[in-house]
């Protein structure tokens with residue numbers, strides 16, 4: 001089945017450690033996104049990528065890094081510089097946007113990160 | 001700047017009642033897209049509908065209907081004859097055609113509780 005997978009579902013990190021969240025899609029979508037969700041809040045954009053080897057910062061990129069070496073994969077690293085990383089992280093993908101049309105984003109099941 | 005306001009933090013109704021979720025948006029762009037997503041307890045966001053700013057026709061899909069009014073910058077969502085399975089957090093989101101595949105701007109969500 002086509003879709004987006006995120007792993008792990010739950011992740012625990014000690015303060016000062018970097019952790020990497022996985023996101024893989026087999027929808028053949030060009031664009032991929034990372035969002036952060038805090039309790040009672042909407043989703044906020046961390047990074048997005050329209051094509052391989054290119055990505056852009058979103059609204060809250062500080063303390064995060066990404067890579068896009070393959071079309072199917074868009075891993076997110078939460079670095080020790082991120083002061084409050086405990087949150088729910090959602091990955092999404094969409095057919096690449098053009099000036100005339102934007103397509104809906106499809107979301108993965110999310111990773112819940114907890115800093116101990 | 002773009003902004004989405006979902007003033008209703010939580011709504012609780014009894015099964016079979018109709019319920020409307022409000023969404024008000026702000027944007028200076030003339031071309032933009034509006035979305036509704038459902039987030040069940042599992043966490044994954046489920047796409048419900050996309051609307052572009054040039055299409056003000058209301059839409060009905062089964063028990064779901066959407067009322068888009070540019071004059072009031074609103075994109076409200078109504079569930080008719082609600083069911084317990086409709087219980088979830090619902091997000092309204094805005095995307096403007098700024099030329100890039102930017103992420104969505106989300107409202108903070110409305111937690112809908114359908115009581116049996």
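Protein chains in written order, with this note's numbering: chain A, 1 to 116; chain B, 1 to 116.
Note that CB positions come from ideal geometry on N, CA and C, so glycine has one too.
Closer than 9 Å to chain B by CB, residue i
{"i": "residue 11 of chain A", "result": "no"}
{"i": "residue 81 of chain A", "result": "no"}
{"i": "residue 118 of chain A", "result": "The structure shown does not extend to residue 118 of chain A, since chain A spans only 1 to 116, so no value can be given for it."}
{"i": "residue 88 of chain A", "result": "yes"}
DSSP three-state assignment for residue i, whether helix, strand or coil
{"i": "residue 72 of chain B", "result": "helix"}
{"i": "residue 52 of chain A", "result": "coil"}
{"i": "residue 85 of chain B", "result": "helix"}
{"i": "residue 105 of chain A", "result": "coil"}
{"i": "residue 27 of chain B", "result": "coil"}
{"i": "residue 29 of chain A", "result": "coil"}
{"i": "residue 3 of chain B", "result": "strand"}
{"i": "residue 11 of chain B", "result": "strand"}
{"i": "residue 60 of chain A", "result": "coil"}
{"i": "residue 104 of chain B", "result": "coil"}
{"i": "residue 45 of chain B", "result": "coil"}
{"i": "residue 84 of chain A", "result": "coil"}
{"i": "residue 78 of chain A", "result": "strand"}
{"i": "residue 68 of chain A", "result": "coil"}
{"i": "residue 53 of chain B", "result": "coil"}
{"i": "residue 17 of chain B", "result": "coil"}
Chain A within 9 Å of residue i, Cβ atoms only
{"i": "residue 104 of chain B", "result": "yes"}
{"i": "residue 42 of chain B", "result": "yes"}
{"i": "residue 91 of chain B", "result": "yes"}
{"i": "residue 35 of chain B", "result": "yes"}
{"i": "residue 13 of chain B", "result": "no"}
{"i": "residue 45 of chain B", "result": "yes"}
{"i": "residue 9 of chain B", "result": "yes"}
{"i": "residue 109 of chain B", "result": "yes"}
{"i": "residue 4 of chain B", "result": "yes"}
{"i": "residue 50 of chain B", "result": "yes"}
Which listed residue (the options) has its alpha carbon closest to that of residue i
{"i": "residue 57 of chain B", "options": "B/48, B/47, B/70", "result": "B/70"}
{"i": "residue 60 of chain A", "options": "A/72, A/93, A/96, A/84", "result": "A/84"}
{"i": "residue 11 of chain A", "options": "A/30, A/106, A/45, A/89", "result": "A/89"}
{"i": "residue 42 of chain B", "options": "B/108, B/85, B/67", "result": "B/85"}
{"i": "residue 79 of chain A", "options": "A/5, A/19, A/6, A/7", "result": "A/19"}
{"i": "residue 55 of chain B", "options": "B/34, B/29, B/38", "result": "B/34"}
{"i": "residue 88 of chain B", "options": "B/78, B/73, B/63, B/39", "result": "B/39"}
{"i": "residue 51 of chain B", "options": "B/7, B/93, B/108", "result": "B/93"}
Assumed close pair residue i, residue j - CB separation to whole angstroms, cut-off 8 Å
{"i": "residue 58 of chain A", "j": "residue 47 of chain A", "result": "6 Å"}
{"i": "residue 61 of chain B", "j": "residue 80 of chain B", "result": "In fact, because the Cβ distance is near 11 Å, the residues do not count as touching under 8 Å."}
{"i": "residue 112 of chain A", "j": "residue 9 of chain A", "result": "7 Å"}
{"i": "residue 104 of chain B", "j": "residue 95 of chain B", "result": "5 Å"}
{"i": "residue 26 of chain A", "j": "residue 3 of chain A", "result": "7 Å"}
{"i": "residue 91 of chain B", "j": "residue 106 of chain B", "result": "5 Å"}
{"i": "residue 25 of chain B", "j": "residue 46 of chain B", "result": "The pair is not a contact, with the Cβ atoms about 20 Å apart (cut-off 8 Å)."}
{"i": "residue 110 of chain B", "j": "residue 21 of chain B", "result": "5 Å"}
Cβ-heavy atom distance, residue i to the ligand MN, below 8 Å
{"i": "residue 82 of chain A", "result": "Although the ligand MN was asked about, the structure shown includes no ligands whatsoever."}
Self-check item: Residues, ordered as in the chain, of the segment 38-57 of chain A that lie near chain B by beta-carbon distance below 8 Å
Solution: 40, 41, 42, 43, 44, 45, 48, 50, 56
Exercise. Could you please tell me which residues of the segment 104-115 of chain A, in chain order, have their CB closer than 9 Å to any CB of chain B?
Key: 104, 105, 106, 107, 108, 109, 110, 112
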